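The working numbering applies: residue 42 is where the sequence shown begins, and numbers increase by one. For each residue, glycine too, the CB sits at the ideal point set by N, CA and C. In this text, all values refer to a predicted model and were calculated from it rather than measured experimentally. Following: one structure in C-alpha cells, then a few remarks.
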Amino acid sequence: MIKILAFSILSGIALVFAFPPFSLGFLAWAALVPLFLVLETRTWKGGFSAGFLAGFAFNLGAVYWVVHSMYNYGGVPVAAAIVVMLVLVLYMALYWGVFGVLYTFTRGLPGVVRLLLIPAFWVALEYARAHILTGFPWVLVGYTQAPYPALIQVADTTGVWGVSFAVVAFNASLAFLAAGMLFKDRDEKAPVLPVVVASALVVSMAAYGAVRMKMVDGELPQWRTLRVALAQGSIDQGVKWDGRYQQETINIYRKLTEDASNRQARLVIWPETAIPYYYDAEEIKDGQIGALARSASTYILTGSPSYNYNPQSNKVTYFNSAFLIDPKGETIGRYDKYHLVPFGEYLPLRGILPFEKLTAGIGDFTEGQGPVPITFGEASIGTLVCFESIFPEIARGHVKNGATLLATITNDAWFGRTSAPSQHFQMAIFRAVENKSFLVRSANTGVSGIIDPVGRVRNATGLYERTAIVDDVGLRQGPLTFYTIYGDVFAWGCSIISAAFLALRKRRVG
Numbered sequence: 042m043i044k045i046l047a048f049s050i051l052s053g054i055a056l057v058f059a060f061p062p063f064s065l066g067f068l069a070w071a072a073l074v075p076l077f078l079v080l081e082t083r084t085w086k087g088g089f090s091a092g093f094l095a096g097f098a099f100n101l102g103a104v105y106w107v108v109h110s111m112y113n114y115g116g117v118p119v120a121a122a123i124v125v126m127l128v129l130v131l132y133m134a135l136y137w138g139v140f141g142v143l144y145t146f147t148r149g150l151p152g153v154v155r156l157l158l159i160p161a162f163w164v165a166l167e168y169a170r171a172h173i174l175t176g177f178p179w180v181l182v183g184y185t186q187a188p189y190p191a192l193i194q195v196a197d198t199t200g201v202w203g204v205s206f207a208v209v210a211f212n213a214s215l216a217f218l219a220a221g222m223l224f225k226d227r228d229e230k231a232p233v234l235p236v237v238v239a240s241a242l243v244v245s246m247a248a249y250g251a252v253r254m255k256m257v258d259g260e261l262p263q264w265r266t267l268r269v270a271l272a273q274g275s276i277d278q279g280v281k282w283d284g285r286y287q288q289e290t291i292n293i294y295r296k297l298t299e300d301a302s303n304r305q306a307r308l309v310i311w312p313e314t315a316i317p318y319y320y321d322a323e324e325i326k327d328g329q330i331g332a333l334a335r336s337a338s339t340y341i342l343t344g345s346p347s348y349n350y351n352p353q354s355n356k357v358t359y360f361n362s363a364f365l366i367d368p369k370g371e372t373i374g375r376y377d378k379y380h381l382v383p384f385g386e387y388l389p390l391r392g393i394l395p396f397e398k399l400t401a402g403i404g405d406f407t408e409g410q411g412p413v414p415i416t417f418g419e420a421s422i423g424t425l426v427c428f429e430s431i432f433p434e435i436a437r438g439h440v441k442n443g444a445t446l447l448a449t450i451t452n453d454a455w456f457g458r459t460s461a462p463s464q465h466f467q468m469a470i471f472r473a474v475e476n477k478s479f480l481v482r483s484a485n486t487g488v489s490g491i492i493d494p495v496g497r498v499r500n501a502t503g504l505y506e507r508t509a510i511v512d513d514v515g516l517r518q519g520p521l522t523f524y525t526i527y528g529d530v531f532a533w534g535c536s537i538i539s540a541a542f543l544a545l546r547k548r549r550v551g
C-alpha cells in the first residue's frame with residue numbers, strides 16, 4: 042500500500058517539475074510511468090484512487106498560486122483561500138481519477154491497441170476539462186514541451202492535444218515494458234512493440250517539426266513587417282486601482298511609449314487595464330492618451346475597463362476592453378473580452394458565495410462579441426485579453442477572421458512571483474505555432490515577449506521589470522493551418538474513440 046501511494050505521488054511531483062518555473066520538459070516523457078505501473082495491478086476502484094492521488098499531488102504543486110491571488114487581491118482570509126484552492130485541486134484531480142479507471146479497463150488488450158486507447162483517454166479528459174464549467178485548460182501535459190520547438194510543430198494540425206497524446210503514449214509504452222520485466226506473475230513477455238511504435242511516433246514528430254520550421258523560416262522573409270513595442274509598466278497591484286496613483290501610472294506608460302517611439306516603434310502595446318480608469322469616458326475630458334499617440338507618432342493598443350450606457354433601460358454594462366488609438370489621436374478600434382474569468386471578472390452565484398470578485402472597483406464585466414480583429418493599415422490584430430490566451434479556439438477564431446498578428450495583453454500581477462506568470466506565457470507559445478503567427482505579449486509585471494510562428498521566444502522580459510521591448514515582427518500571410526481551419530478535430534477524435542470503447546465494453550460486460 043505504501044508503494045502504491047509513493048508511486049502515485051511520485052508521478053504527480055515529477056510532472057510538476059516538467060512545468061515552469063522548473064521547465065524540465067523532458068521529465069514529462071517518463072513522469073507518468075510510476076502511476077501507470079500502479080494502474081497495471083489495480084482494480085477499477087484502485088485505479089481511481091491511484092489516479093486521483095497522483096492528480097492531487099500534481100495539481101497542488103501546479104496551481105498553489107490561487108491562494109496568493111485570492112488572499113492578496115480577493116480580500117479572502119488565508120484559510121478560505123486555501124479551501125478554495127483545495128476545491129480546485131480536488132476538481133482537477135477527479136479527471137486523473139477517471140483516467141485511472143479507464144486505464145484499468147484496457148488491461149488484457151493487445152499492447153498496440155492500448156497504446157492508442159490510453160493517450161486517447163487522457164486527451165479526451167483534458168479536452169473535457171477545457172470546456173466543463175467554462176473551462177480551465179491550465180497545465181495540459183502537452184505544454185511541457187514548449188521549450189522544444191521541433192516537438193511541438195504538430196500543433197499546427199492537432200493543437201496541443203497531439204503533443205499531450207504523444208507524451209502519454211510514450212509513458213504508457215515504457216510502463217508496459219517495465220511491467221513485463223517487474224511483474225513475474227505475468228504470462229506475457231515484456232512487450233517491445235509498443236515502445237518501438239511510441240518511439241517512432243516521437244521521432245516522426247521531431248522530423249515533421251524540423252521540416253516545418255525550415256519551411257516557415259523560408260517564408261518569413263516574404264512577410265511584411267511591423268515594428269512593435271511591448272510596454273511593461275510593472276505597476277504594483279496594490280496601488281493599481283488607487284485614484285491617487287492613476288496619473289503616475291499614465292506617466293510611466295508615457296515614458297515607455299516615448300522611448301519606444303525613439304526606437305521607431307509603429308505600434309506600442311500596453312497591458313490589460315493599463316489605463317486604470319474608463320478610457321472611453323475619461324479620454325473625452327483630458328485626451329492625454331490621444332495626445333501621446335500624436336506626439337509619439339505611433340499607434341497605441343491599450344487595455345482599459347469600459348462601459349456602455351443604455352438610456353432606454355437605464356442600465357450600464359461593463360467590459361474588459363482593448364482600444365486602438367492611431368497617430369492622429371483617434372480611437373479607431375475596440376475589442377471587448379468575451380471569455381471572462383469566473384470569480385475574477387464576474388461572480389457566479391452572487392449573494393451566495395462569501396467573497397467578492399478579484400477585479401476591484403467596478404461591477405461585473407459583460408461578455409464581448411467574440412474574436413473580432415482590430416484592423417489598421419497593413420495589420421489586423423487578434424487581441425487576446427489575459428485568460429483568453431489559454432483557450433486555443435479564441436486565437437484560431439481571430440486568425441480565421443483575418444488576424445495577421447496575435448497580441449496578448451494581460452495583468453499577471455495577480456499572481457505575484459509565483460509560477461503562474463511563466464505557466465501562462467508557456468501556453469502562448471502554442472497559440473503561435475497552432476496558427477503560424479507571430480504572437481506579441483504585453484504583461485503588466487511580466488512575462489512580456491515576442492514569439493515567432495514556430496514557437497521560438499525571440500525576446501522576453503523578467504518579472505517586475507519596467508521596460509519596453511522593441512522588435513520587428515512579421516504579419517502572417519499565406520494559407521491557414523489545418524488547426525486554424527478545422528480546430529480540435531484531433532481532440533474530438535480521441536473523445537469519439539474513448540466513447541466508442543466504453544460503449545463496446547458496456548455491451549460486452551452487460
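Item to complete: Would you mind listing the alpha helix (DSSP H) stretches within the stretch 153-219 that are 4+ residues and don't spill past its ends, in chain order?
Response: 190-193, 196-199
Practice prompt. Give a yes or no on contact between the stretch 484-491 and the stretch 193-212, applying the rule of three or more CB pairs nearer than 8 Å.
Written response: no
Worksheet item: Over what stretch of residues does the beta strand (DSSP E) that includes Asp-512 continue unbroken?
Response: 508-515
Worksheet item: How would you call Leu-545, buried or exposed, if buried means at least 16 neighbouring beta carbons within 10 angstroms?
Response: exposed
Discussion item. Are the CB atoms of Gly-274 and Arg-507 within a distance shorter than 8 Å?
Written reply: yes
Worksheet item: Skipping 5 residues on each side, what residues in its chain have a beta carbon closer than 7 Å to that of Gly-88?
Response: Leu-80, Gly-141, Val-142, Tyr-144, Thr-145
Worksheet item: What residues are listed by DSSP as bridge partners for Asn-361?
Response: Pro-346
Item to complete: State the DSSP-derived secondary structure class of Arg-497, mapped to helix, strand or coil.
Response: coil
Item to complete: Could you tell me if Ala-241 is buried or exposed, where buried requires 16 or more neighbouring beta carbons within 10 angstroms of its beta carbon?
Response: exposed
Worksheet item: Ordered along the chain, which non-local residues of its own chain (more than five positions away) have a Cβ less than 8 Å from that of Asp-367?
Response: Ala-334, Tyr-340, Ile-373, Phe-417
Worksheet item: Looking at the structure shown, is Gln-305 part of a helix, part of a strand, or coil, going by DSSP?
Response: coil
Worksheet item: Does the distance from the CB of Leu-447 to the CB of Asn-476 come in under 8 Å?
Response: yes
Worksheet item: Within 10 angstroms of its Cβ, does Asn-361 collect 16 or more other Cβ (buried), or is it exposed?
Response: buried
Fill in: Closest Cα partner of Pro-235 within the set Leu-218, Leu-192, Ser-245, Gly-331
Leu-218
Fill in: Cβ neighbours of Val-498 in the same chain (closer than 8 Å, five flanking residues each side left out)
Ile-470, Gly-490, Ile-491, Ile-492
Worksheet item: Considering only C-alpha positions, which residue in the set Ala-196, Gly-92, Leu-297, Arg-304 is nearest to Arg-253?
Response: Ala-196
Worksheet item: Closest to Ile-431 by CA distance: which of Glu-299, Cys-535, Thr-407, Val-180 is it?
Response: Val-180
Worksheet item: Is the beta carbon of Asp-512 within less than 7 Å of some heavy atom of the ligand GDP?
Response: Annotation note on the ligand GDP: not contained in the displayed structure, which lists no ligands.
Practice prompt. Consult DSSP for Ser-483 and reduce its assignment to one of helix, strand or coil.
Written response: strand
Discussion item. Considering Cα atoms alone, identify which of Ala-121, Phe-406, Ala-120 is closest to Val-357.
Written reply: Phe-406
Worksheet item: Within this structure, are the beta carbons of Trp-202 and Gly-221 separated by less than 8 Å?
Response: no
Worksheet item: Are there three or more Cβ pairs, one per stretch, closer than 8 Å when the stretch 431-443 is compared with the stretch 451-461?
Response: no
Worksheet entry | Three CB pairs or more closer than 8 Å across the stretch 345-354 and the stretch 319-326 | yes
Fill in: Beta-carbon proximity of Phe-542 to Gly-515, cut-off 8 Å
no
Discussion item. Can you tell me whether Gly-92 is buried or exposed? The criterion is at least 16 other CB atoms within 10 Å of its CB, across all chains shown.
Written reply: buried
Worksheet item: What is the DSSP secondary structure of Gly-490, reduced to helix, strand or coil?
Response: strand
Worksheet item: Exposed or buried, which one is Arg-517 when buried takes at least 16 other CB atoms within 10 Å?
Response: buried
Discussion item. Beta-carbon within less than 7 Å of His-59's beta-carbon, same chain only, minus the 5 sequence neighbours each way: which residues are those?
Written reply: What sits at residue 59 in the sequence shown is Ala, not His. So the qualifying residues of the chain are Leu-65, Gly-66, Leu-68, Ala-69, Ala-72, Thr-185.
Worksheet item: For Val-481 versus Leu-135, is the C-beta spacing smaller than 8 Å?
Response: no
Discussion item. Out of Glu-299, Ala-540, Ala-315, Ser-205, which one is the CA nearest neighbour of Leu-56?
Written reply: Ser-205
Worksheet item: For Arg-375, which option in Ser-354, Leu-342, Gly-284, Pro-383 has the closest C-alpha, if you only look at C-alpha atoms?
Response: Leu-342
Worksheet item: What separation, rounded to the nearest whole angstrom, lies between the Cα atoms of Ile-576 and Leu-101?
Response: Lying before the first or after the last residue shown, residue 576 is absent from the chain, which here runs from 42 to 551.
Worksheet item: With DSSP run on the structure shown, which of helix, strand or coil describes Arg-458?
Response: coil
Worksheet item: In terms of residue numbering, what span does the alpha helix (DSSP H) encompassing Arg-285 cover?
Response: Careful: Arg-285 lies outside any alpha helix (DSSP H) and carries neither H nor E.
Worksheet item: Straight-line CA distance for Leu-156 to Phe-99?
Response: 23 Å
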